[in-house]
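S.K.: Before we start, here is the structure in question, set down as structure tokens.
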Amino acid sequence: MKSPYATISNIQTFFEAKGIRAQKKFGQNFLIDQNIVNFIVNSTEPLLNDKSTVLAEIGIGLGTLTYPVLSLDKKTYLFEIDNAYIQLTKEEILPKFPKAVLFEGDALENLFYIYNEKVFVFGNLPYHLTTEIINTLVIHCRHFQGGIFMVQKEFAERLVKETSSLSVFLSAFCEVKYLKTVHKNCFFPIPKIHSALILLSPKKETKQNQWKLTTDRDVELWSRMLRTLFWGKRKQIQVSLRESPFSEDPDFREALGKAIQSAGVPPTARPEELNREQFLTLGQHLLDYLSK
């Protein structure tokens with residue numbers, strides 16, 4: 001089923017009737033290209049073979065993606081912060097789709113409702129919250145089944161093409177795939193830059209790295225390790241280990257030093273010279289040393 005607000009004229013009519021406009025503080029740029037909507041749904045359906053998987057959408061807006069997602073006939077959690085679209089959802093969407101559940105307010109304050117669900121997530125994410133939302137999902141959703149997210153193109157490229165603290169951090173939880181560039185003209189109002197669709201999939205274990213971050217302490221140590229190693233741009237990891245404020249704790253510094261040695265990572269290497277498997281191996285050795 002298609003949203004009745006999938007065209008510029010219908011969006012403008014809705015705005016005029018409600019006396020509102022798109023709010024920049026919420027990053028509101030509404031998708032109007034049905035081809036992109038179809039691409040998202042078609043990319044998702046093969047991933048939803050498990051009948052127990054539920055869905056979630058962060059940021060309903062005018063329901064451009066919500067209608068076709070709800071048409072998949074699965075229990076779906078909807079998160080929306082803007083009162084205008086909360087009211088729209090209550091009046092026009094919930095009566096049509098009894099399997100939809102609406103949570104009002106800041107998604108980051110409500111995502112705990114899906115922490116224990118086997119959930120696949122959709123979201124057209126505001127740039128200033130993209131990292132925090134994705135990190136929250138992969139860390140806290142115990143049965144995270146993945147997600148398709150609309151993000152800024154530059155952010156997506158950094159995530160899949162560069163070795164950064166964020167891309168490596170996520171690699172412990174999931175795999176990230178760049179699906180498609182989405183031209184800025186596919187939105188109304190038209191944003192200043194292009195967007196991209198990324199797919200997050202649950203991490204597949206390898207023979208080399210079968211470890212999982214099972215506790216909050218594990219996650220904190222993994223994060224601290226990466227902040228330490230990526231602390232200085234272009235610095236050797238031995239320099240960052242010695243000088244980074246994130247490695248001030250002597251026990252942590254000693255354990256990370258041993259992990260670097262036992263993992264066979266050259267201390268003169270720079271973080272961008274390491275691949276993700278090497279970082280995962282480092283993390284595994286670090287947790288092993290600190291658990292003794």
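Residues 1 to 292 in UniProt numbering are what the sequence shown lists, from first letter to last.
A virtual CB, placed ideally from N, CA and C, is assigned to each residue, including glycine.
All figures in this text were calculated on a predicted structure; none of them were measured in a lab.
Report the start-end ranges of each beta strand (DSSP E) in the stretch 71-118 that is 3 residues or longer and not cut off at the edges.
M.R.: 76-80, 100-104
S.K.: Please classify PRO271 as buried or exposed, where buried requires at least 16 neighbouring CB atoms within 10 angstroms.
M.R.: It counts as buried.
S.K.: DSSP puts PRO202 in a beta bridge; with which residues?
M.R.: CYS174, per the DSSP bridge assignment.
S.K.: In the DSSP assignment, the beta strand (DSSP E) including GLN12 goes from what residue to what residue?
M.R.: Segment 8-18 is the alpha helix (DSSP H) holding GLN12; no beta strand (DSSP E) there.
S.K.: In terms of residue numbering, what span does the alpha helix (DSSP H) encompassing ALA259 cover?
M.R.: 250-262
S.K.: Let me make sure I understand the geometry here. Which of CYS141, ASN185, VAL37, PHE14 has the alpha-carbon closest to that of LYS2?
M.R.: Considering only alpha carbons, the answer is VAL37.
S.K.: Which residues mark the beginning and the end of the alpha helix (DSSP H) in which SER149 is found?
M.R.: Reading off the sequence, residue 149 comes out as Phe, not Ser. Run containing PHE149: none in the alpha helix (DSSP H); it sits in the beta strand (DSSP E), 146-152.
S.K.: My output table needs one value for GLY283: the three-state DSSP class, helix, strand or coil.
M.R.: In this structure, GLY283 counts as helix in the three-state DSSP scheme.
S.K.: Under the rule that 16 or more other beta-carbon atoms within 10 Å means buried, what is VAL160, buried or exposed?
M.R.: By the neighbour-count definition (other C-beta atoms within 10 Å, threshold 16), VAL160 is an exposed residue.
S.K.: Please state whether the Cβ-Cβ distance between LEU55 and VAL41 is less than 8 Å.
M.R.: No, the pair does not count as a contact, with Cβ atoms beyond the cut-off.
S.K.: My guess is that ASP73 and LYS99 are in contact by the Cβ rule of under 8 Å, so how many angstroms apart are they, rounded?
M.R.: 7 Å
S.K.: With distances taken between CB atoms, is the gap from GLU175 to LYS204 smaller than 8 Å?
M.R.: Taking 8 Å as the cut-off, the beta carbon of GLU175 is found closer than this to the beta carbon of LYS204.
S.K.: Are the stretch 165-172 and the stretch 218-231 touching by the rule of at least three beta carbon pairs closer than 8 Å?
M.R.: A contact exists between the stretch 165-172 and the stretch 218-231.
S.K.: Spatial neighbours of TYR5 within its chain, please: C-beta separation below 6 Å, excluding the five flanking residues on both sides.
M.R.: Hits under 6 Å: ILE11, PHE14, LEU62.
S.K.: Can you give the beta carbon distance from GLY283 to LEU200, rounded, assuming they're within the 8 Å contact cut?
M.R.: Between GLY283 and LEU200, the beta carbon gap of about 19 Å keeps them out of contact (Cβ cut-off 8 Å).
S.K.: Return the bridge partner residues of ASN124 from the DSSP annotation.
M.R.: Paired residue(s): MET150.
S.K.: Would you mind giving the Cβ-Cβ distance between LEU256 and LEU241, rounded to the nearest angstrom? I have them listed as a contact below 8 Å.
M.R.: 6 Å between Cβ atoms; contact.
S.K.: Go ahead and label SER9 buried or exposed: buried means 16 or more other beta carbons lie within 10 angstroms of its beta carbon, across all protein chains shown.
M.R.: exposed
S.K.: Pull up the CB-CB distance for GLU57 and PHE122, whole angstroms please, since I reckon it's below 8 Å.
M.R.: 5 Å
S.K.: Which two residues bound the contiguous alpha helix (DSSP H) that contains VAL54?
M.R.: Per DSSP, VAL54 belongs to no alpha helix (DSSP H); it is in the beta strand (DSSP E), 54-58.
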